[in-house]
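In UniProt numbering, the protein residues as written are 1 to 513. Ideal Cβ positions, reconstructed from N, Cα and C, are used throughout, including at glycine. To keep things clear, I will list the structure first and then write my remarks on it.
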């Protein structure tokens, strides 16, 4: 180059060249090796000059006669990436790209769908210093959407090219410390969350006042005779949390015990139903368990029904109330009144310690299905403890998957296998647990059908299910009853009960299907 000629350096998209005043620039040639993913290639480029372009400290200082001379930095053009903490603005910036990252206030990149996680305003994602694990330049690839540099760009220059100035390889989005990126390893499949809204039939009465309500009850019981319809209309249109406070409100207002007055005015199943509706769910369950154990004979089906259908928190509250009211733990009561593997099943259920996660691990479900098969159908005799361990500890979504895997594995329903392997209370108890886990509303529909089937009605079972499920899943139970037995639950109750008892049960049922 002749002495005295000025030299201009132009840096465009990481490419540079020298131009002399008396020599036009060389024709642009496309250098695919130097293109960034996500940015269009320049309309041409200058052939590389010898020697790497060295970045001056603190950004790109103006060169003698450079274009255009600025005080310290080249200002970013409109649409360029805003300057972030620790990174000086780039020469001319990158022009906006279709589908690229829009500019965000504060200097950070906004979160993209499936892209980079959000950073704190005004900062880039926190990264260790360059060269350290997880830091800038520590991993190959440019980290832009779509992968690394073209032609297998490894974070360094392509063959025959000079290194990019001040741009070491950026981290891959999946690196630790960059926000996570795509998770590695298998993800346990999650059971679909089904939210169908409120499925009970009894709802809160708007504007209900306990003091007005107890006045209605007092008036219904005062004087000659009892106005049962007033009691039905009041209790049948109040939720449990509106009914329970009536006990204290009645005693506060009249200085008398509401339960005592109701017992003196009502009789039979109607009395039992009204009193059941004035207890909290856990109080009612504790009293039913007490009756099932201490009554004439043991109602094993009642024990299984309550302990297999309640969640952990409900079971723990039941055991607390049982101990407080009867001076003996529920577990001790079960142990003293049952025996063998059936006792172990009830004790396990009464712990209230079932896994309640909603996620399902398919591989673990397959293992559990194999264990059940090995413990029953595939051996002489039955390993009841294996059934107990799996049915009482695993989550309900997980067990539903286990039952499906079992069916596919041996071509036989788990209930049929239990019936062929076990007998007596253990058989009925295990089958009830399986049915309740498979389809809780269908289990209760079957329980109601059996309670009203044949000569006589099992009124305690009918009352317990109608009261305890009226604010949980009565609408689903009605649907299952219609599907299984071809008639509505409302019709079945109407044909099997009578009088005020029937009227209040139908209030809990909520209507015909």
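Assigned secondary structure, residue i (DSSP; H/G/I helix, E/B strand, else coil)
i: residue 359; result: strand
i: residue 422; result: coil
i: residue 382; result: coil
i: residue 472; result: coil
i: residue 506; result: helix
i: residue 48; result: Only weak support exists for where residue 48 lies, its pLDDT of 48 falling under 50; the coordinates are left without a value.
i: residue 199; result: coil
i: residue 224; result: coil
i: residue 308; result: helix
i: residue 457; result: coil
i: residue 299; result: coil
i: residue 204; result: coil
i: residue 368; result: helix
i: residue 413; result: coil
i: residue 500; result: helix
i: residue 25; result: Low local confidence applies: a pLDDT of 45 at residue 25 is under 50, so the model's placement there is unreliable, with the coordinate-based value given in what follows. Three-state DSSP puts residue 25 in coil, outside helix and strand.
i: residue 354; result: coil
i: residue 236; result: coil
i: residue 486; result: coil
i: residue 432; result: helix
Euclidean distance between Cα positions of residue i and residue j
i: residue 342; j: residue 429; result: 7 angstroms
i: residue 229; j: residue 386; result: 53 angstroms
i: residue 182; j: residue 360; result: Its pLDDT being 36, under 50, residue 182 is placed unreliably by the model, and nothing is read from it.
i: residue 250; j: residue 306; result: 30 angstroms
i: residue 240; j: residue 455; result: 32 angstroms
i: residue 339; j: residue 422; result: 15 angstroms
i: residue 333; j: residue 285; result: 15 angstroms
i: residue 208; j: residue 451; result: 34 angstroms
i: residue 406; j: residue 366; result: 8 angstroms
i: residue 273; j: residue 297; result: 22 angstroms
i: residue 382; j: residue 349; result: 20 angstroms
i: residue 280; j: residue 502; result: 22 angstroms
i: residue 486; j: residue 441; result: 16 angstroms
i: residue 376; j: residue 293; result: 30 angstroms
i: residue 353; j: residue 311; result: 9 angstroms
i: residue 508; j: residue 475; result: 10 angstroms
i: residue 473; j: residue 224; result: 39 angstroms
i: residue 271; j: residue 409; result: 51 angstroms
i: residue 321; j: residue 432; result: 25 angstroms
i: residue 391; j: residue 295; result: 28 angstroms
i: residue 453; j: residue 461; result: 12 angstroms
i: residue 418; j: residue 412; result: 10 angstroms
i: residue 219; j: residue 468; result: 28 angstroms
i: residue 351; j: residue 324; result: 17 angstroms
i: residue 244; j: residue 227; result: 21 angstroms
i: residue 204; j: residue 236; result: 11 angstroms
Opening and closing residue of the alpha helix (DSSP H) in which residue i lies
i: residue 445; result: 440 to 452
i: residue 333; result: 330 to 337
i: residue 494; result: 489 to 496
i: residue 319; result: 312 to 326
i: residue 216; result: 210 to 221
i: residue 252; result: 246 to 254
i: residue 281; result: 281 to 294
i: residue 395; result: Where residue 395 is concerned, there is no enclosing alpha helix (DSSP H), given that its DSSP letter is neither H nor E.
i: residue 242; result: 240 to 243
i: residue 261; result: 258 to 265
i: residue 269; result: 268 to 277
i: residue 344; result: 340 to 349
Residue j beta carbon less than 8 angstroms from that of residue i
i: residue 436; j: residue 309; result: yes
i: residue 470; j: residue 304; result: no
i: residue 369; j: residue 347; result: no
i: residue 393; j: residue 337; result: no
i: residue 253; j: residue 214; result: yes
i: residue 448; j: residue 490; result: no
i: residue 434; j: residue 414; result: yes
i: residue 371; j: residue 400; result: no
i: residue 459; j: residue 232; result: no
i: residue 493; j: residue 444; result: no
i: residue 264; j: residue 314; result: no
i: residue 300; j: residue 425; result: yes
i: residue 278; j: residue 247; result: yes
i: residue 344; j: residue 388; result: yes
i: residue 446; j: residue 484; result: yes
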